[in-house]
Amino acid sequence: MKQLALIGLILLCLADMAFAQQTITIGFTVSKTGALNVDSLEQYRGFELWRDQVNAAGGIKAGGKIYKIQFASYDDESNSKRVQQLYTRMILQDKADFLFSPYSSPLTATAAVVTEQYGKIMLTSGAAEGKTYTLGNHYLYQMFAPAPEYLKVALDSLKSKDPKATVAFVYEDASFSVAVVTPAKAYAQQLGFNVVFSEAYAPNTTDFSAIIDKVIASKATVLLGGGHYADGSTLARQLYGHKVPLKMLTLLVAPDSPQWVELGDAAIGVTVPSQWAPQSTFKAQYGPSGADFAKAYAAKYNTPPSYESAGGYGCGMILQRAIEQAGGVDTAKVADALNATDITTFYGRTKFSTAANEHGLQVGHSMILAQWQKDKSGKLTKEVVWPLPNKSANPLYPIR
Amino acid sequence: MSALLEVSGVSKRFGGLLAVSDVTFNLDEGEILGLIGPNGAGKTTLFNIVNGVYKPDGGTIRFQGRNITGISPDKVVHRGMARTHQIVKPLNDLTLLDNVTVGACFGREYLDLKGARAVALEVLQQVGLGKRAHMLARSLTIAGKKRLEVARALAAKPKLLLLDEVLAGLNPSEVGQMIDLVRKIRDGGVSVFMIEHLMQAIMSLSDRIVVLNLGRKLAEGPPDEVVHNSDVVEAYLGFPDIVDKLTRTAQA
Amino acid sequence: MSGVLASMIDGVLVGAVYGLAAMGLSLIWGVMDVINLTHGAMIALGMFAMYLLYTLHAGTAYLLLLPVMGVGLLLGIMVYWMSVHRVVGRPMLMSLLSTFAVNMMVIGIGTAIWSTSPYNVNYSVQGLTLGAYTFTGNHIAAALAALLIALALQWFLYRTRTGKAIRAVADNREAAELMGISSTAILTIAFAIGIALAMTSGALVSTLFPFTILSGATYQLKSFVVTILAGLGKPFGALIAGVLLGLLEGVVTPFIAVSWIPLIEFGLFVVALVAFPQGIFGKRAAA
Amino acid sequence: MILRRPFFWIILAIAALFIYLPLHGNNVSLREDLILVAIAIILASNLNLMIGYTGYVNFGHIVFYGLGGYVGLYLATVRGLNLVAAALIAGVVVSLCAFLFGLAILRLRGAYFALATIGILQAVQSFVSNFDPWGRSTGMYLSFESYQSLGGAMHALWVTYYLIIGVMALSMILSLAVKNSKFGLGLFAIREDEDAAVVLGVNATVYKSIVYSVSAFLPAVAGTFMFYKNGMIDPSIAFEYMLSLEGIVMLMLGGQGAVMGAALGAGLYEKLRSYLLTSPKLSDFHLVIAGGLLLLVVLFAPGGLMGWFYRLLPRAREVVE
């Protein structure tokens, strides 16, 4: 009888231990198909690497419990119509505790409607456009520096090289690039540049010859713009094919991807405003160092991480820290912890605005400018060229 | 009293071809007027002008004393002129009842659906299709489809009925039934204007006949008079058997 | 050299490719009264065929057009028997839907294989530089290829036995059958040629622009515009209409934002349809 | 008159089921699935008026839904109108637009009309993408606070759901009413043979214009509700060509011409698609399967499911219309 009681006690303890180890479900959609799939995949790999590393290390320890991470994710086809259905499904059916955003500003905006309706925390990456955060949300947290920051770095760097440059803006007519370029135009004029041409193109454009002919006619020497991977890479190729005499070419998002090397000579000298680069030298107060992250990422995926990947990993890290500080997964407590977050990781500083009219907007993170250069062996590499104290190489100017 | 239908100086040109040229004739109330002529004489074109499918290039058409030149076919029906087609045009996937109901709904009296169904059933009985009212039109034989054409036109309660070769393709007993039907229609107070190739039939049915050749009116008059018209005989010279028939019919 | 002129030349060069893309659509439409909605998917398959062949066997990309054409003929025969044969002569809605169904399947399979990521054929021909403007060799070569194919097609339709039979069937299927032409065989051949043309144009486009499995849709819509302008089954009509369309794009773009182009193009399309419901060069569709 | 059709009560029962099922146990997840089914039914039913009743294939039917969404959202957010009023005005405005488009393209027959509808869709999408007051290709966003007027976000979702189910029921009732009317008979005559219909007295020009504008009204109203619920609208989701084409697939699958056909096809297709999309093995193949189904239906069963059902039970025509 005593033995039986002992066995019972042991069983109870085991059950209790098993109970102490819980799972946290994190929901998000990935654009496996559709126009956004390249960028979205990189973001997803960031999420995935974080999950695998956390689980391998035993899980998140908070409030005396251990939480393993599991994902609930679906393909949104780069289409915001599906996003709401899928986020609702993840919240209600898959019982997701927290959510990460889909890739891109419009998809995030639609997902935010659902997450706000159900009062769920969503960390967004790959969604720089700031409008969503001004619509009166309570549970959104943005990892990326907001859109107006993007081209500031490029224009600042240009100012130091060629204060009299003539500038053209050619950009995708989509929420993110419009949100980037509109303040950038004003900033360029403020810096005294002559903006000679500005035109938006349709998101699925493949033939840029008409716009390129206009750029040539405008006699611009610097071109800023682009949008996402597909259009940005095509624009760069065709600018090169038409031998447009540009001294500087800065495109959003696309040149940050490791795939950019496929452009060959057309890739040389192209600059990209970046949330993060492997060369970034932030001293991590929390989580891995930049070098460790890059190494682990390259080992797992055979390709260097892009800033989408770092943003994705960053979402995980910041959420993990907030859970640890909150001592559990209670939404209100985690939200408080996130609101109080001000931390530097390998990804840089992270701090969210707590003002009611822009809750969750990223106010701590700053951007860098990276440039594709040929190293001594003739291999294409991406170097940080701005801001100067952080640089890993000197800017190449003019590029052609 | 003025004529029911007055066609004066009507012409129609397709590209370089003058299909109908300066045709003038009248149709009186209560009359059966026949329209004959060799193939390509412009008979169906003339029908199409009269009921508004084509706009004439010149000339006027008056119906019941009012000018209807160039108004669309659906309005012509509302005025009280209905027609059938030489090449039948059944509404294949509708029942016979629905086919005929369309005629009644949008005809001269512009009935509502309920009233139209009643009329349609009546007319289907009249043309001998009453038992098949709920069949699909596509399942009918050619003779049945011709009757359906007539039924739809009748359901519009027209003052004038245009019949375009309703006898063609029917076997002799069906021809006989159809001829009886046309007579009954006229006796019911509807005037008839009909194109027919079957000479025997049209000679016996018509009160008067208009002959077209190469788009022109060749002759007009009672059947026996038309048959003896030398122009008509000449026009049909290419078809000796027809001349033969014409003469025989006239003698009979 | 002025920007407008450069823009016009660019327009003409790419317009020739639009013309080529439309020839297949126009041929099938003219011969069997079928609006082939697999057209766009076939153009996309042409792009990927070129991509695969070029990765296997780099060299002169233009020589690879021949195997692409061969694949197109085979695929055309398959698609004809799968989706078109049973609906030729039925209401146009039927063939519209059956070809659309095949289109969905091709796009679905293509998405499963290649996802919808953009691909490139990394092949470039030395271009021509006039002043500040450079016209890429790929564009010039593609326009020339389009012209050559139009010539070949014209010769085929007007000088060979089979070509004449195709025209006879297009003109009047029953009469052609009475003259001993097997209309089934001719329809199969015509459909196969139509698909081969679509794939060839796709292969050429792949040397100019990046593409995804969905890229065919744009060229399919442009093919509609060209076909409506040109009338049915006329290779040179299509080429000229294509060039006109490209020229229009070229003339207009220096003066307005490029994002307005689709509005102008589709506005023109609707106007052309309404004004010339049977095509400008006219072939009456069965009433 | 229409109250005497048994199917009228079946429609009401379906709508009641749509409301009861998710409400029972507050199953919000089911509600989200059903809302997409309801939208599909609305689009397919109204498309049925054109394709199934009148015989005119509209490849660009989605243009009404998208334009309705834009007009409604603009009125509701920028102009601050009440949601239902905004939706009704959107319906009227879009119907008027449809009437104008119809004046231009309804003189075309058959395939030419079908092609012109693609042109209209693309032209409208391009126009909206360049139209500043509607945010060009960025579209319009709804403030989270705007849901407060409907009692908070959670409640607003239920309200829009009821509204959309209402529009769904109205769409089916409209189809039923048209089918049993003189107007509907005129449309059927046009579908079977337009020339014959005209000669029988049907004013085809007017009838086609009316049905084309009528088929625009309810999709436009539904568009307002749906994009309001969605929280944002942009040209690529408002005018999705693929969705327009899927509407045709649904209709063929269910059986064109039958009121139930549109609803059945829409329901089944949407269910199938969400199943395929969330099943990891099949998600790449949903297009293949949908295309294969469509091909089989077109080649071997042009009457769709309802056609097959009617052949099995001819008497059912009077009940399940």
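Top line first, the protein sequences correspond to chains A, B, C and D.
Position one of the first sequence corresponds to residue 996 (the numbering used here), numbered consecutively onward.
Position one of the second sequence corresponds to residue 163 (the numbering used here), numbered consecutively onward.
Position one of the third sequence corresponds to residue 120 (the numbering used here), numbered consecutively onward.
Position one of the fourth sequence corresponds to residue 139 (the numbering used here), numbered consecutively onward.
Where a beta carbon is used, it is the ideal one built from N, C-alpha and C, also for glycine.
Computed from a predicted structure; not experimentally measured.
Within 8 Å, strictly: CB atoms of residue i and residue j
{"i": "threonine 298/D", "j": "phenylalanine 202/D", "result": "no"}
{"i": "aspartate 1208/A", "j": "tyrosine 1235/A", "result": "no"}
{"i": "serine 243/C", "j": "glycine 256/C", "result": "yes"}
{"i": "serine 325/C", "j": "tyrosine 170/C", "result": "yes"}
{"i": "isoleucine 1211/A", "j": "glycine 122/C", "result": "yes"}
{"i": "alanine 349/C", "j": "valine 150/C", "result": "no"}
{"i": "alanine 1104/A", "j": "glycine 369/D", "result": "yes"}
{"i": "valine 1025/A", "j": "serine 1075/A", "result": "no"}
{"i": "leucine 298/B", "j": "arginine 279/B", "result": "no"}
{"i": "tryptophan 1367/A", "j": "glycine 1264/A", "result": "yes"}
{"i": "glycine 1193/A", "j": "phenylalanine 1171/A", "result": "The sequence shown places serine at residue 1193/A, not glycine. No, the pair does not count as a contact, with Cβ atoms beyond the cut-off."}
{"i": "glycine 159/C", "j": "alanine 336/C", "result": "yes"}
{"i": "leucine 1314/A", "j": "phenylalanine 1093/A", "result": "yes"}
{"i": "threonine 303/C", "j": "leucine 144/C", "result": "no"}
{"i": "isoleucine 314/C", "j": "valine 198/C", "result": "yes"}
Residues bridged to residue i [DSSP beta-bridge criterion]
{"i": "arginine 357/B", "result": "The question names arginine, but residue 357/B in the sequence shown is isoleucine. BP columns for isoleucine 357/B point to Leu197/B, Asp326/B."}
{"i": "arginine 378/B", "result": "Asn375/B"}
{"i": "methionine 278/D", "result": "Ile371/D"}
{"i": "arginine 175/B", "result": "Leu180/B"}
{"i": "threonine 257/B", "result": "Leu298/B"}
{"i": "lysine 1063/A", "result": "Thr1018/A"}
{"i": "threonine 222/B", "result": "Ser170/B"}
{"i": "phenylalanine 1023/A", "result": "Ser1068/A"}
{"i": "glycine 383/B", "result": "Ile371/B"}
Candidates the options: closest to residue i by CA position
{"i": "proline 1250/A", "options": "Thr1229/A, Val1239/A, Leu1241/A", "result": "Thr1229/A"}
{"i": "arginine 309/B", "options": "Lys321/B, Pro320/B, Gly331/B", "result": "Gly331/B"}
{"i": "methionine 292/D", "options": "Lys1371/A, Gln1065/A, Val1109/A, Tyr1302/A", "result": "Val1109/A"}
{"i": "aspartate 326/B", "options": "Met356/B, Asn391/B, Val352/B", "result": "Met356/B"}
{"i": "alanine 1279/A", "options": "Arg1344/A, Lys1328/A, Gln1079/A", "result": "Arg1344/A"}
{"i": "glycine 208/C", "options": "Val131/C, Leu306/C, Met188/C", "result": "Leu306/C"}
{"i": "leucine 392/C", "options": "Tyr158/D, Gly257/D, Asn341/D", "result": "Gly257/D"}
{"i": "alanine 141/C", "options": "Leu263/C, Met318/C, Asn239/C, Ala287/C", "result": "Met318/C"}
{"i": "valine 352/B", "options": "Gly192/B, Tyr398/B, Glu271/B, His296/B", "result": "Gly192/B"}
{"i": "tryptophan 147/D", "options": "Glu330/D, Phe239/D, Met310/D, Ile177/D", "result": "Met310/D"}
{"i": "glycine 441/D", "options": "Glu384/D, Val166/D, Gly392/D", "result": "Gly392/D"}
{"i": "leucine 435/C", "options": "Val389/C, Ala311/C, Leu382/C, Phe328/C", "result": "Examination of residue 435/C is not possible in this model, given that chain C is present from 120 through 406 alone."}
(message) Along the region 278-308 of chain D, where does the CB come closer than 9 Å to a CB of chain C? Name the residues.
(response) Within the region 278-308 of chain D, no residue qualifies.
(message) Please give the ranges of any alpha helix (DSSP H) in the region 368-393 of chain D, keeping only runs that are unbroken, at least 4 residues long and fully inside the region.
(response) 373-376, 379-392
(request) Scan the region 1074-1137 of chain A and note each continuous alpha helix (DSSP H) run of 4 residues or more that stays entirely inside, going in chain order. (result) Scanning the region 1074-1137 of chain A from its first residue to its last, the whole alpha helix (DSSP H) runs of 4-plus residues come out as 1075-1087, 1100-1112.
(message) I'd like the ranges of any beta strand (DSSP E) spanning at least 3 consecutive residues and lying wholly in the region 1245-1284 of chain A.
(response) 1266-1269
(request) Using a Cβ-Cβ cut-off of less than 7 Å, give me the residues of the region 1235-1258 of chain A that come near chain C, in sequence order. (result) Listed by position along the chain: Gly1236, His1237, Lys1238.
(request) Taking only beta carbons into account, state which residues of the region 1019-1033 of chain A come closer than 8 Å to chain C, listed in chain order. (result) Lys1027, Thr1028, Gly1029, Ala1030, Asn1032, Val1033
(message) Report the start-end ranges of each beta strand (DSSP E) in the region 1321-1385 of chain A that is 3 residues or longer and not cut off at the edges.
(response) 1337-1340, 1343-1346, 1363-1369, 1375-1381
(request) Would you list, in sequence order, the uninterrupted alpha helix (DSSP H) runs of no fewer than 4 residues that lie entirely inside the region 1159-1217 of chain A? (result) Runs of the alpha helix (DSSP H) inside the region 1159-1217 of chain A: 1170-1185, 1204-1213.
(request) Determine which residues of the region 230-253 of chain C have a Cβ less than 8 Å from any Cβ of chain A, and write them out in chain order. (result) Flagged, chain order: Thr230, Ser234, Thr235, Ser236, Pro237, Asn239, Asn241, Ser243, Gly246, Thr248, Ala251, Tyr252, Thr253.
(request) Return the residues of the region 1178-1212 of chain A that lie within a Cβ-Cβ distance of less than 7 Å from chain C, sorted by chain order. (result) Within the region 1178-1212 of chain A, the qualifying residues are Glu1194, Ala1195, Tyr1196, Ala1197, Thr1201, Asp1202, Ser1204, Ala1205, Ile1206, Asp1208, Lys1209, Ile1211, Ala1212.
(message) Going residue by residue through the region 291-376 of chain C, where are the continuous alpha helix (DSSP H) segments of at least 4 residues, counting only ones entirely within it?
(response) 292-297, 302-325, 335-349, 354-371
(request) Kindly provide the ranges of any alpha helix (DSSP H) runs that are 4 or more residues long and lie completely inside the region 186-262 of chain C, ordered along the chain. (result) 211-233
(request) Can you give me, in chain order, the residues of the region 362-391 of chain C that have a beta carbon less than 7 Å from any beta carbon in chain D? (result) Ser378, Trp379, Pro381, Leu382, Phe385, Gly386, Phe388, Val389
(request) Select from the region 169-180 of chain D all residues with a C-beta closer than 9 Å to any C-beta belonging to chain A, and list them in chain order. (result) Arg169, Glu170, Asp171, Ile173, Leu174
(request) Name, going along the chain, the residues of the region 196-214 of chain C whose beta-carbon falls closer than 9 Å to a beta-carbon of chain D. (result) Met201, Ser202, Arg205, Val206, Arg209, Pro210, Met211, Leu212, Met213, Ser214
(message) Give me the subset of the region 226-249 of chain D whose CB atoms are less than 7 Å from a CB atom of chain C, sorted by chain position.
(response) Ala242, Ile243, Arg245, Leu246, Gly248, Ala249
(message) Short of 7 Å Cβ to Cβ, which residues in the region 1097-1112 of chain A face chain D?
(response) Pro1101, Ala1104, Thr1105, Val1108, Glu1111, Gln1112
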